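Worksheet for the structure shown next.
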Amino acid sequence: MKKICVVGTGYVGLVTAAGLADFGNSVIGVDIDESKIKILQKGGIPIYEPGLLEVVQRNVRAGRLSFTTDIDQAIQDSKVIFSAVGTPPGEGGEADLRAVWAVATSFAKNLNNYKVFINKSTVPVGTGKKTLELIKKNSEKKDSYDVVSNPEFLREGSAVGDFLNPDRVVVGSRSEKAQVIMKDVYHALIIRGVPYVETNIESAELIKYSSNAFLAVKITFINEIANLCDIVGGDVSEIAKAMGLDGRISPKFLHAGPGFGGSCFPKDTMALVEIFKEHGVKSRVVEATIEANEYQKEGVVAKLRSVMPDLKGKTIAILGLAFKPETDDTRFSPTKVVIPLLEKEGATVQVYDPVASDDFKRDFPNLDYKNNAYDAIEGADAMVLMTEWNEFRSLDMKRVKKLLKTPIFIDTRNTYDPRDMRDKGFTFVCTGRTKCAY
Ligand SMILES: NC(=O)c1ccc[n+]([C@@H]2O[C@H](COP(=O)([O-])OP(=O)(O)OC[C@H]3O[C@@H](n4cnc5c(N)ncnc54)[C@H](O)[C@@H]3O)[C@@H](O)[C@H]2O)c1
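Numbering of the sequence shown is given in the numbering used here, commencing with residue 648 and proceeding in unit increments.
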């Protein structure tokens, strides 16, 4: 049983800790945030992630998983140290690596025998090299460590399944000793035939940014096609379906919507642009993607204005605050762009999300938060569906129509059929399918 320490018990760290414990390792999860550790020590989890509570509790019960705020002791007691701390955007869009450096410094100070430092956070190319230098500077034992890059590809909302059944595991290291240890850590996946990619540190770091930026480009591309459809009368869902039948394209990430958000794509595209700049080159594709995505988010208000030109004094129901369904994460949610724009035009909002209201309240404490979709819709002049939670897919439209002052429905996620909505008497605007109804 390997002794593993996972620093950071957020979306990635907690899933990693629980997943590695499920593989049979002995894992201790560490966080600087005492309130998170208290919840974990009491048998709960501090985030909403389907299926995670069961895996955490199962492994705690089996004695393979525990939690602490004592990073020094946890590192001293472990051979393998994963760093899964946040790397949010800094002021210029670059990745803020302060938390990574803090963990690497603790690692250096607690090197009581050979250990491997594994960076699971998304970090710019060159971070592994700098981590090696930082550890060397801060530790007395010069040869008793290795640094590995092991980026994570899980998706919030399906993080447990993604971690336990990944498309691939990427491990970047210059050290053969560390590569052997990593294979041991991921033995449970390797024997099941999960593709295991060994590279150098720089490639591993770049694989993560390249993958996220590529997906962001793909979403943004279909959003542009949707915008064109709204002018010329095509149906973006039919177009995406037919495009996706081409094996070279694949149907995934071809769902038009209000622009991408979340804790990864926005910050990772910004950070990648900064990485290019730092090295004296320019990523025209990624820069254009960021610009187009901002336009897409703001476009939600333009859609509403196209059917309700004066928003002053109007009440708008917002369904969905999370950046996508099945998560309570609202980081960079498109709704955070839409609401201030509506308020700027003199509208007020009534909002509802099945799980993300508390997270949203940190940035927007004074909104009118409702307890269910119908309460949010009641008395509103229009409703805007921002997140495609399952419970929004089958609303009682007769009731919705009665509750709304005017039957205006902006469906940014294409959850409803435009012809059906037209027949039910709604003024309906969606994304890349609106004209199909007329
Ligand atoms: N969220 C995702 O879907 C996802 C997917 C793949 C990769 N990533 C990457 O993984 C990393 C973590 O993302 P996340 O969403 O889990 O972040 P998060 O903000 O949910 O969690 C980070 C955790 O690290 C803790 N922390 C910060 N500094 C610390 C320190 N010095 N010591 C101990 N704990 C500390 C925080 O308290 C927090 O609990 C980021 O680099 C992110 O880009 C995220």
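Built from N, CA and C at the ideal position, the CB exists for glycine as well. Only a predicted model underlies this, so the values are computations on that prediction, with no experimental measurement involved.
Would you tell me roughly how many angstroms separate the C-alpha atoms of Asn672 and Val832, rounded to the nearest one? Here residue 672 corresponds to residue number 25 of the sequence shown, with the count starting at 1. Here residue 832 corresponds to residue number 185 of the sequence shown, with the count starting at 1. Their Cα atoms are separated by approximately 8 Å.
Can you tell me whether Glu738 is buried or exposed? The criterion is at least 16 other CB atoms within 10 Å of its CB, across all chains shown. The residue given as residue 738 occupies position 91 in the sequence shown. So Glu738 counts as exposed.
Any beta strand (DSSP E) of 3 or more consecutive residues that is wholly inside the stretch 762-818: Runs of the beta strand (DSSP E) lying entirely within the stretch 762-818 and spanning at least 3 residues, in chain order: 762-766 and 792-796.
Residues sharing a beta bridge with Ala742, DSSP: Locating residue 742 in the sequence shown gives position 95, counting from the first residue. Its beta-bridge partners are Pro736.
Exposed or buried, what is Phe1098 when buried is set at 16 or more other beta-carbons lying within 10 Å of its beta-carbon? In the structure as shown, the chain begins at 648 and stops at 1085. Residue 1098 is therefore absent and cannot be evaluated.
When the Cα atoms are used, what is the spatial distance from Glu885 to Glu701? Taking the sequence shown and counting its residues from 1, the one referred to as residue 885 is at position 238. Taking the sequence shown and counting its residues from 1, the one referred to as residue 701 is at position 54. Glu701 has its alpha-carbon roughly 39 Å from the corresponding atom of Glu885.
At the 9 Å Cβ level, is Ser884 part of the contact set with chain B, yes or no? Protein chains in the displayed structure number just one, and chain B is not present.
Please state whether the Cβ-Cβ distance between Leu667 and Pro693 is less than 9 Å. Counting from one through the sequence shown, the residue named residue 667 turns up at place 20. Counting from one through the sequence shown, the residue named residue 693 turns up at place 46. Not closer than 9 Å, so no.
Starting from the C-beta of Arg1046, find all residues in its chain whose C-beta is less than 7 Å away, skip the five residues before and the five after it, and write them out in chain order. As a first step, residue 1046 is located in the sequence shown; it is residue number 399 there, counting from the start. For Arg1046, same chain residues with a beta-carbon under 7 Å away, outside a window of 5 residues either side, are Tyr1021 in chain order.
Take Asn1061 and list the residues in its own chain whose beta-carbon comes closer than 7 Å to its own, dropping the five residues that flank it on each side. Taking the sequence shown and counting its residues from 1, one reaches residue 1061 at position 414. Contacts found: Ser884, Ala903, Cys1077, Thr1078 and Arg1080.
From what residue to what residue does the alpha helix (DSSP H) around Ser910 run? Working through the sequence shown from its first residue, we reach residue 910 at position 263. For Ser910, no alpha helix (DSSP H) encloses it, and the DSSP letter there is neither H nor E.
Taking all protein chains shown into account, do 16 or more other C-beta atoms lie within 10 angstroms of the C-beta of Gln997, making it buried, or fewer, making it exposed? Residue mapping note: residue 997 aligns to position 350 of the sequence shown, counting from 1. Gln997 comes out buried.
Tell me the start and end of each unbroken beta strand (DSSP E) in the stretch 842-903 that is at least 3 residues and wholly inside, in chain order. When DSSP assignments are scanned along the stretch 842-903, the uninterrupted stretches of beta strand (DSSP E) that are 3 or more residues long and fall wholly within it turn out to be 843-846.
Quick one: using the 10 Å Cβ neighbour count with 16 as the cut-off for buried, is Gln688 buried or exposed? Translated into the one-based positions of the sequence shown, residue 688 becomes position 41. Exposed: under 16 other Cβ atoms inside 10 Å.
Identify every residue that forms a DSSP beta bridge with Phe1056. Position 409 of the sequence shown, counted from the start, is the residue given in the question as residue 1056. Paired residue(s): Met1030 and Phe1075.
Residues near Asn706 by beta carbon distance below 8 Å, same chain, minus five either side: As a position in the sequence shown, residue 706 is number 59, starting the count at 1. Closer than 8 Å at the Cβ level, and outside the excluded window around Asn706, lie Ala665, Ala668, Asp669, Val674 and Leu712.
Return the first residue and the last residue of the alpha helix (DSSP H) that Thr982 is part of. The sequence position of residue 982 within the sequence shown is 335, counting from 1. Note, Thr982: alpha helix (DSSP H), Thr982 to Lys991.
I need the boundaries of the alpha helix (DSSP H) containing Leu699, first residue and last residue. Along the sequence shown, one-based indexing puts residue 699 at 52. Per DSSP, Leu699 belongs to the alpha helix (DSSP H) from Leu699 to Arg708.
Output needed for Ser980: all residues of its chain with C-beta closer than 7 Å, excluding positions within five of it in sequence on either side, in chain order. As a position in the sequence shown, residue 980 is number 333, starting the count at 1. Taken in chain order, the residues that qualify are Gly908, Leu968, Ala969 and Phe970.
Ala755 (DSSP reduced to helix, strand or coil): Translated into positions along the sequence shown, residue 755 becomes position 108. Reduced to three states, the DSSP call for Ala755 is helix.
Within 10 angstroms of its Cβ, does Ser953 collect 16 or more other Cβ (buried), or is it exposed? On the sequence shown, residue 953 is found 306 positions in, with the first residue counted as 1. The residue in question, Ser953, is exposed, as its Cβ has fewer than 16 Cβ neighbours within 10 Å.
In angstroms, rounded to a whole number, what distance separates the CA positions of Leu744 and Glu1025? Counting from one through the sequence shown, the residue named residue 744 turns up at place 97. Counting from one through the sequence shown, the residue named residue 1025 turns up at place 378. Roughly 45 Å separates the two Cα atoms.
So if DSSP puts Asp1015 in a beta bridge, which residue, or which two residues, is it bridged to? Mapped onto the sequence shown, residue 1015 falls at position 368. Looking at the DSSP assignment, Asp1015 forms a beta bridge with Gln997.
Across which residues does DSSP place Ile651 in a beta bridge pair? Within the sequence shown, the letter at position 4 stands for residue 651. Val674 and Val727, per the DSSP bridge assignment.
Span of the alpha helix (DSSP H) around Phe1007: Within the sequence shown, residue 1007 is the residue found at index 360, counting from 1. Ser1004 to Lys1008 is the extent of the alpha helix (DSSP H) around Phe1007.
Tell me the residue span of the beta strand (DSSP E) that contains Thr661. By one-based count along the sequence shown, residue 661 stands at place 14. Residue identity differs from the one stated: residue 661 is Leu in this sequence, not Thr. Here Leu661 belongs to no beta strand (DSSP E); instead the alpha helix (DSSP H) covers Tyr658 to Asp669.
Who pairs with Thr715 in a beta bridge, going by DSSP? As a first step, residue 715 is located in the sequence shown; it is residue number 68 there, counting from the start. Partner(s): Val677.
Cβ-heavy atom distance between Tyr843 and ligand 1 below 8 Å? Within the sequence shown, numbered from 1, the residue matching residue 843 stands at position 196. No, since every heavy atom of ligand 1 falls outside the 8 Å radius drawn around the Cβ of Tyr843.
Just reading off the beta strand (DSSP E) that Leu966 is part of, what are its end residues? Here residue 966 refers to the residue found at position 319 when the sequence shown is read from its first residue. In this chain, the beta strand (DSSP E) harbouring Leu966 covers Thr962 to Leu966.
DSSP three-state call for His926: helix, strand or coil? Mapped onto the sequence shown, residue 926 falls at position 279. Of the three classes helix, strand and coil, the one that applies to His926 here is coil, per DSSP.
Local Cβ density within 10 Å of Asn759, reported as buried at 16 or more and exposed below that: For the purposes of this step, residue 759 is identified with residue 112 of the sequence shown, where counting begins at 1. It counts as exposed.
So, are the CB atoms of Pro735 and Lys914 less than 9 Å apart? The residue you call residue 735 lines up with position 88 of the sequence shown. The residue you call residue 914 lines up with position 267 of the sequence shown. Their beta carbons are under 9 Å apart, which means Pro735 touches Lys914 by this criterion.
Do Val920 and Ser930 have their C-beta atoms within less than 9 Å of each other? Start at 1 with the first residue of the sequence shown, and residue 920 comes out as number 273. Start at 1 with the first residue of the sequence shown, and residue 930 comes out as number 283. A contact, by the Cβ cut-off of 9 Å.
State yes or no: is the C-beta of Val827 within less than 9 Å of the C-beta of Val844? Looking up residue 827 in the sequence shown gives position 180. Looking up residue 844 in the sequence shown gives position 197. For Val827 and Val844, no; Cβs fall outside 9 Å.
Heavy atom of ligand 1 less than 8 Å from the Cβ of Tyr1088, yes or no? The structure shown does not extend to residue 1088, since the chain is modelled only from 648 to 1085, so the question has no answer here.
Determine the contact status of Phe729 and Thr663, defining contact as a CB-CB distance below 9 Å. Reading the sequence shown from its first residue, position 82 is the one you call residue 729. Reading the sequence shown from its first residue, position 16 is the one you call residue 663. Taking 9 Å as the Cβ cut-off, Phe729 and Thr663 qualify as a contacting pair.
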